[in-house]
Each structure stands twice: as structure tokens, then as C-alpha cells.
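Structure first, then comments.
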Amino acid sequence: MGYDLGALAVFFFAALFFDVVVIAVIRQGNQGDHPIIFAGAVTVAIGLTLAFALAAFVPGSDKYVAACVLVVTGSLFGCVAANNVRDLFVCRVRVEAEYRGCEEMPTGQVMSLRYPICAYEFQGRAYCEKSLQSIGARRARRMAKAGTCHAYLDPRHPATFIVRRSASLMTFILAAIALFCFGAALYVLVFA
15 MGYDLGALAV FFFAALFFDV VVIAVIRQGN QGDHPIIFAG AVTVAIGLTL
65 AFALAAFVPG SDKYVAACVL VVTGSLFGCV AANNVRDLFV CRVRVEAEYR
115 GCEEMPTGQV MSLRYPICAY EFQGRAYCEK SLQSIGARRA RRMAKAGTCH
165 AYLDPRHPAT FIVRRSASLM TFILAAIALF CFGAALYVLV FA
């Protein structure tokens, strides 16, 4: 007969997963490649570990656990939105690219995420990479018809590029969800 962690198992295994991921990234030295995403992973690891510790060892800490979970959720959405905005600032060198097709990722619903694959040259070296941004079906058809597109790449990492120099609606939705989660955490701490 084993010991039943119940609801604590969710916090324990989620915290353990993110703790292992953060330690693995630090050991490999890859935290500098995507600093905002790494900061989000660290925040999630610390927040979930704190939520587990509060739930397991501090009686009556329900509102603090709820606030931790809301801050973790807000940090996760906020870091993804901030990373999308960061891509707009670092991918600033415009090159002509040959459109090679799209990598489609089904979402389980009607739509699919389409990531354009483009071939281009930068400083005498040829690249054929997948965009950091997804595009809609209409834009994919237009790019396929034209055969070329503009790619905006990061001069420090020329293999990373975007095809649209504007924030998507999803970026604004993610930022709004993050702000809502932070506001809800503040509400739980102050008024609950």
C-alpha cells in the first residue's frame, strides 16, 4: 500500500520536471540563446517548487498556493509574448528569400500552424531554415504563388528569421492573459 500524494502529486511532478529542465539547460550552457524563455522556465520552476512546498508543509496556505500558480501561469504566457516581441527587435536584417514550402503542425482542431521554410543567403553563406513565426493559410498561398518573400533575420544568428515585422494577435492575447493572471494573483493575495 503506497503513500497517496493526491493533489500534491501535480505540483511535485510539474516542479520536478521544470527543475530538471532548468538544470539541464544550465549544464549545457544554452541559457543565452533564448534568455526570455530561460527566465520563464526558471520562474516556472521556482514558482511550482514554492507552490509544492507551501501546499505540503504550510497548513492553511491555500491562497498563497493559488497566487503562486497564477504567477507561474502569468509568467509562462508573459515570457512567450515577450519572446515574440524580442524576435521583432533582433530580426532586423531584411533579405530576399526563396519560399520552399511550409511545415504544418496540426493543432488537434480545424486549423494547423504553418511555419514557412525559406532559402536565403547572408554574408556569402546559404541557409534553408524554418521561420520562428507561424503564418496563416492565405499568406502561405500568396508566398507559394510568388515563390519569394522577405525574411528578416538576426545578424548574430542568421539561421533564425521571421517573415512578418509585426506582432500577431496571439502575442497581444498572450500578454493580456499574463496581465490577467498577475492581477488575479494580486487579488487573491490582497482580498481573499
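Take the sequence shown: its letter number 81 is residue 95 in the working numbering, and every next letter is one higher. We put the CB at the ideal spot given by N, CA and C, even for glycine.
Asked                                                                                                      : Found
Best match in 198, 166, 83 and 115 for proximity to residue 58 [C-alpha to C-alpha]                        : 83
Closest residue to residue 116 among 201, 163 and 85 (Cα-Cα distance)                                      : 163
Residue 167: first and last residue of the uninterrupted alpha helix (DSSP H) it sits in                   : No alpha helix (DSSP H) contains residue 167, which is instead part of the beta strand (DSSP E) from 162-167.
Proximal residues to residue 52 (C-beta, below 7 Å), its chain only, five neighbours per side dropped      : 39 and 45
Selection from 101, 102 and 172 that minimises the alpha carbon distance to residue 132                    : 172
Proximity below 8 Å, CB of residue 55 to CB of residue 113                                                 : no
Beta-carbon proximity list for residue 18, same chain, < 8 Å, skipping 5 on both sides                     : Confidence is the limiting factor: at residue 18 the pLDDT is only 46, short of 50, which leaves the residue's position unreliable and the question unanswerable from this model.
For residue 89, three-class secondary structure by DSSP                                                    : helix
Residues that DSSP places opposite residue 115 in a beta bridge                                            : 131
Alpha carbon of residue 199 to alpha carbon of residue 86, nearest angstrom                                : 10 Å
Cβ neighbours of residue 99 in the same chain (closer than 7 Å, five flanking residues each side left out) : 181 and 185
Member of 192, 147, 201 and 202 whose CA lies at the smallest distance from the CA of residue 175          : 147
With 16 other Cβ atoms within 10 Å as the buried cut-off, status of residue 252                            : Given that the chain is displayed from residue 15 to residue 206, the structure contains no residue 252 and the question cannot be resolved.
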